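S.K.: Would you mind keeping the following structure in view while I ask a few things?
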Amino acid sequence: MPLSHSHAPTLLRSHTPTLPHPHTSSSDWADLDGDHDVDGNDLALLAEYWNCATGQPCHDATYDRDSDGDIDALDLAYLGNQYDVEPPELAYVPIATAGVEPATFWS
């Protein structure tokens, strides 16, 4: 398994290492709506809990990715790192040079 930042321990202000939530891949957590992609719908779900902290009625530890007690920019960064991570398919398009045939270009 390749190493990634999502599997590394996180140091909090108390310098107590905490491990990330268990999951099978880094994009599993960010797929909040369970539709096998990380998109605007997942971002909207996280936004519902934005700035909610432990002890507040709106807080849900499920969305507190770094387990620091609140849903903040760090949690958004975790989701953002997985947002639309599948690159688009690229098609090969040869570069055309005006007036030069591709077969004679390198001769």
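If you read the sequence shown in the working numbering, its first letter stands for residue 4, the second for the next number, and so on.
Each residue gets a CB set at the ideal place from its N, CA and C atoms; glycine is no exception.
Because the structure is a prediction, the values reported are computed rather than measured.
With distance defined between alpha-carbon atoms, name the residue in D73, V41, Y86, D78 nearest to G58.
M.R.: D73
S.K.: Using only alpha-carbon positions, find the residue among L79, A94, V88 that is nearest to L49.
M.R.: Cα-wise, what sits closest to L49 is L79.
S.K.: How many angstroms separate the CA atom of N44 from the CA atom of S70?
M.R.: Cα atoms of N44 and S70: separation of roughly 22 Å, rounded to the nearest angstrom.
S.K.: Who are the Cβ neighbours of A64 in its own chain at under 8 Å, not counting the five residues just before and after it?
M.R.: T57, S70
S.K.: Return yes when the Cβ of D87 is within less than 8 Å of the Cβ of D42, no when it is not.
M.R.: Cβ distance < 8 Å, so D42 and D87 count as in contact.
S.K.: What does the Cβ neighbour count give for Y95, buried or exposed, with the cut at 16 atoms within 10 Å?
M.R.: exposed
S.K.: According to DSSP, what are the bridge partners of A56?
M.R.: D73
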